[in-house]
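For the sequence shown, the residue numbers in the UniProt record's numbering are 1 to 676. Each residue gets a CB set at the ideal place from its N, CA and C atoms; glycine is no exception. What follows is a set of notes on a single structure, which appears directly below.
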Amino acid sequence: MTDLPTIAPAPLDHKPLPQRTMGYSCQPCGRRKVKCDKAAPTCAACRKTGAACVYEAPPPRGGKRLVTRDVLDRLARYERLLKEHGLLDAAGAEASGESAAPKDDPISIHWNASGGQESGAVIAGEGRSRYVDGSFWRNIGVGKDQLASDEDEEGGELGVTHMRALAVSDPLSDALLGTRQALGLYHPTEEAAMVMWQTYAENIEPITKMLHVPSTRIAMEQIARDPQLAKHRDECLAFSIYHFAVFSMTDEECAEKLGQSRTELLSSFHFATRQALVNASFLKTTDVTVLQSLVLFLLPSRYTYDAHTHWILTGAAVRIGQRIGLHRDGAKLGLAPFDTEVRRRLFYPLLSLDGIASQMAGTAVTQLPETWDVRQPLNINDDQIWPGMTDAPVEQSGATDMMFRLSRTCIGQAFAKTGKTHRGGVGGHFDEAAQAEQAIREAERDVEEKYLRYCDVVNPLHFLSMALARSGILAMRLRVYLSKMRNKTATDEDKRQTLPLALRILDTDHAVCTHGGMSKFRWHTQSFFLWGMWDALTFVLNGLWKEPAVFSAADVESAWTRMLQVYHNHAEMLDSKQTIHVAFRKLTLVAWDAHHQCDGGQGAEPAFVVVLRAQQERKRRRRAAQEAAMSTADGALDADMLSWQSGASLSESPLDFNIDDADWSFWDGLLHGGMQ
1 MTDLPTIAPA PLDHKPLPQR TMGYSCQPCG RRKVKCDKAA PTCAACRKTG AACVYEAPPP
61 RGGKRLVTRD VLDRLARYER LLKEHGLLDA AGAEASGESA APKDDPISIH WNASGGQESG
121 AVIAGEGRSR YVDGSFWRNI GVGKDQLASD EDEEGGELGV THMRALAVSD PLSDALLGTR
181 QALGLYHPTE EAAMVMWQTY AENIEPITKM LHVPSTRIAM EQIARDPQLA KHRDECLAFS
241 IYHFAVFSMT DEECAEKLGQ SRTELLSSFH FATRQALVNA SFLKTTDVTV LQSLVLFLLP
301 SRYTYDAHTH WILTGAAVRI GQRIGLHRDG AKLGLAPFDT EVRRRLFYPL LSLDGIASQM
361 AGTAVTQLPE TWDVRQPLNI NDDQIWPGMT DAPVEQSGAT DMMFRLSRTC IGQAFAKTGK
421 THRGGVGGHF DEAAQAEQAI REAERDVEEK YLRYCDVVNP LHFLSMALAR SGILAMRLRV
481 YLSKMRNKTA TDEDKRQTLP LALRILDTDH AVCTHGGMSK FRWHTQSFFL WGMWDALTFV
541 LNGLWKEPAV FSAADVESAW TRMLQVYHNH AEMLDSKQTI HVAFRKLTLV AWDAHHQCDG
601 GQGAEPAFVV VLRAQQERKR RRRAAQEAAM STADGALDAD MLSWQSGASL SESPLDFNID
661 DADWSFWDGL LHGGMQ
């Protein structure tokens with residue numbers, strides 16, 4: 001038998017134990033303020049000095065990380081509680097992050113729900129992840145850094161006074177675990193109550209058309225006279241109306257008409273509305289009035305809650321609507337004519353609200369099941385229906401109280417119709433641009449004949465209806481060209497023809513914002529309520545940045561004039577912490593820098609660019625100060641750890657805004673013509 005050779009163990013210094021790298025410095029290096037290579041179990045510096053190498057994770061830094069962790073914890077708690085109460089599908093929280101190679105798509109004017117597995121992506125980093133469905137967000141540069149940006153930026157910048165005033169820390173936990181509280185002290189005087197009701201009737205109801213004004217007025221008068229006798233459901237409705245009315249008013253109007261500051265009134269009525277919903281056990285309700293109150297509360301609250309919390313709340317509202325049976329038409333269920341019409345008026349704004357919340361949270365909307373058969377509301381005035389009526393009302397031709405809602409619905413139906421004609425059954429695609437143009441012309445003719453020809457441009461609501469409908473037609477045509485760009489088949493001439501369409505949408509927005517009669521609807525027009533606005537902005541800014549040579553000097557100058565108008569009319573874009581606004585500010589600066597380089601640095605920067613650049617510089621300095629403070633306390637942190645700790649914002653990230661792979665699926669929530 002042959003002796004086996006003896007294999008001696010290698011010396012330890014020749015064969016070290018497997019090492020891993022920590023995300024932070026060890027304690028001895030931190031105390032001595034020397035550079036640590038973060039090797040574990042022992043770093044190089046400690047091996048050299050013989051010190052005991054101990055790693056301990058640094059504590060969270062400052063309020064911003066606490067806010068972010070709190071946001072994540074709250075969202076997880078919301079989802080768990082909603083699943084337990086049957087208001088959230090467990091499967092809905094799971095999503096695949098796999099993405100397939102892009103395919104050539106046919107012409108598309110439809111921006112439907114989800115594009116399937118290929119459309120989604122998981123943005124992950126430092127133990128956190130978010131599923132983003134639809135490439136609109138990827139197109140404007142939402143990436144890993146944005147995980148921190150929209151959580152920290154939205155939540156971290158709120159002052160203590162603001163957080164205390166709004167009391168919006170945990171609405172769903174309060175709803176599920178909170179206790180009932182009497183709200184007698186929060187009711188306004190009878191005079192103030194009627195002022196707010198009248199404000200609601202003039203500023204909000206013409207846009208939403210969710211309520212029946214005559215019967216609601218009677219209920220509001222009774223509550224204003226003796227609030228102690230109000231039922232829980234009526235108290236919900238009253239406070240949601242007060243809250244929304246104040247939201248639609250200016251500081252000066254609140255001081256003049258109500259004798260209090262707008263901030264104080266919003267704080268008081270926000271809390272009272274939320275507590276009234278808790279008192280009515282709204283997550284268990286089968287009462288249409290309570291659901292009306294919830295929707296009226298959520299419409300303005302999208303400016304208060306972060307996008308992800310708001311999305312979960314709107315999803316709960318949709319589930320409540322399903323439990324009530326709102327997704328089935330009342331006439332088919334044998335309900336009374338009045339109840340049928342009230343349910344129809346509530347159903348579509350609810351779907352639209354949830355659709356927009358889904359898109360703002362970066363999660364595409366799911367197509368409606370075929371069994372959801374609710375008809376559109378009738379084109380009638382409120383005096384044609386009343387509680388207890390036995391015969392269905394006769395629908396009118398021409399202008400009615402429902403003018404704005406139904407003209408919007410007409411455009412939404414055009415998108416829904418094109419979605420059903422696609423050969424694959426999903427998505428509103430056409431083999432040829434000529435087919436798309438034919439569908440667009442049919443939609444244009446339909447809305448003109450049914451509604452727009454009856455509009456009086458002197459009437460602000462009619463003017464708004466015309467602007468909305470015509471922007472929808474422009475948006476359809478814009479998307480035909482954008483589909484070519486997505487498929488990489490667009491020529492320079494296609495791009496030159498696309499620019500006027502985009503600019504006309506921006507012009508329509510400018511006309512609405514500068515119309516003298518629109519002040520009472522400013523709460524609605526301050527956000528981009530027109531179809532195609534985000535598409536138009538993205539195309540214009542991408543063109544100014546990447547392909548300015550395609551356009552004439554006059555076109556480029558005209559485009560920058562429109563951008564000046566956009567930032568002037570929508571001042572909230574300059575300081576909003578919402579993800580989409582942060583992304584567009586970054587895109588604007590990138591486009592301007594490219595333009596400035598092309599013209600040889602000639603000309604002064606527009607005022608909005610000066611403001612954006614100052615913001616960028618402040619963030620750079622703040623981040624540098626945070627980096628210096630953290631380095632002093634814990635040694636040199638690596639770049640990824642610093643970015644995670646400080647909540648690096650989009651405006652400091654090297655992102656790619658790529659128009660070529662856009663599916664332009666942003667406004668799914670408007671598919672059914674409800675309100676934003």
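List the endpoints of the continuous alpha helix (DSSP H) containing Asp37.
Asp37 -> no alpha helix (DSSP H), and no H or E assigned at all.
For Thr409, which of helix, strand or coil comes out of DSSP?
helix
Among the candidates Pro206, Met196, Ala230, Ser215, whose CA atom is the shortest distance from the CA of residue 680?
Residue 680 lies beyond the residue range present for the chain, which begins at 1 and ends at 676; the question has no answer from this structure.
For the alpha helix (DSSP H) that Glu572 lies in, which residues bound it at each end?
572-575
Can the beta-carbon of Phe521 be found less than 8 Å from the beta-carbon of Pro606?
no
Taking only three categories from DSSP, how would you classify Thr314?
helix
Take His187 and list the residues in its own chain whose beta-carbon comes closer than 6 Å to its own, dropping the five residues that flank it on each side.
Within the same chain, His187 has close Cβ partners Pro227.
Could you pull out every unbroken alpha helix (DSSP H) segment of at least 4 residues lying fully inside the segment 575-611, listed in chain order?
579-598
Count the other CB atoms within 10 Å of the CB of Ile218; is the residue buried (16 or more) or exposed (fewer)?
Under this definition Ile218 is an exposed residue.
Using the rule of at least 16 other Cβ atoms within 10 Å of the residue's Cβ for burial, across every protein chain shown, is Pro214 buried or exposed?
exposed
Taking 8 Å as the limit between beta carbons, can you name the residues of its chain near Leu499, skipping five residues before and five after?
Phe539, Val540, Gly543, Phe551, Asp555, Ala559
In chain order, what residues of the same chain lie with their CB nearer than 6 Å to the CB of Leu296, ignoring the 5 residues before and after it?
So the list reads Ser240, Phe244, once near-sequence residues are dropped.
Distance check for Ala536 and Leu503, CA to CA, integer angstroms please.
7 Å
Just verifying my parser: in three-state terms, what is the DSSP assignment at Thr390?
coil
Cutting at 6 Å between CB atoms, please list the residues of its own chain near Ile320, excluding the five before and the five after it.
Leu291
Per DSSP, which one or two residues make a beta bridge with Thr21?
The beta-bridge partner set that DSSP reports for Thr21 consists of Ala39.
Cβ shell of Val342 (< 7 Å), same chain only, five flanking positions each side left out:
His212, Val288
Through-space distance from Glu449 to Glu153, alpha-carbon basis:
Interpretation of Glu153 is limited by its pLDDT of 41, a score under 50 that renders its predicted location unreliable; the figure taken from the coordinates is listed afterwards. Near 46 Å, if we compare the C-alpha coordinates of Glu449 and Glu153.
For Ala629, three-class secondary structure by DSSP:
helix
Can you check which of these residues, Asn379, Trp386, Glu572, is closest to Leu404 by C-alpha distance?
What sits at residue 404 in the sequence shown is Phe, not Leu. Nearest option by C-alpha distance: Asn379.
Pick from His568, Met194, Met210, His595: whose alpha carbon is nearest that of Tyr349?
According to the sequence provided, residue 349 is Pro. The question's Tyr does not apply to it. The candidate whose alpha carbon is nearest that of Pro349 is Met210.
Count the other CB atoms within 10 Å of the CB of Val447; is the residue buried (16 or more) or exposed (fewer)?
buried
Are there three or more Cβ pairs, one per stretch, closer than 8 Å when the segment 471-480 is compared with the segment 518-534?
yes
What is the DSSP secondary structure of Trp372, reduced to helix, strand or coil?
coil
Top-ranked residue by Cα proximity to His308, from Arg345, Phe269, Leu351, Ile356
Ile356
Using a Cβ-Cβ cutoff of less than 8 Å, which residues in the same chain neighbour Glu395 once the five nearest sequence positions on both sides are dropped?
Leu378, Asn379, Ile380
Same chain, Cβ closer than 8 Å to Glu190, five either side skipped, listed in chain order:
Ala224, Arg225
Judging by CA-CA distance, which residue of Glu437, Ala399, Val480 is the nearest neighbour of Tyr454?
Ala399
What residue range is occupied by the uninterrupted alpha helix (DSSP H) comprising Ala219?
Taken as a continuous stretch (DSSP letters only), the alpha helix (DSSP H) holding Ala219 covers 213-225.
Exposure label - Leu482; buried when at least 16 CB within 10 Å
buried
Which of the three DSSP states, helix, strand or coil, is assigned to Glu652?
With a pLDDT of 30 at Glu652, under the threshold of 50, the modelled position of that residue is not reliable, and the figure given next carries that caveat. Three-state result, Glu652: helix.
As assigned by DSSP and simplified to three states, the class of Gly532
coil
Which one of Asp494, Ala272, Ala583 has the shortest CA to CA distance from Ala182?
Ala272
Contacts around Asp339, its chain only, beta-carbon distance under 7 Å, and the 5 residues preceding and following it disregarded
Gly330
Segment limits, alpha helix (DSSP H) that includes Met563:
553-569
Residue span of the alpha helix (DSSP H) that contains residue 686, given as start and end
Only positions 1 to 676 of the chain appear in the structure, and residue 686 is not among them; the question remains open.
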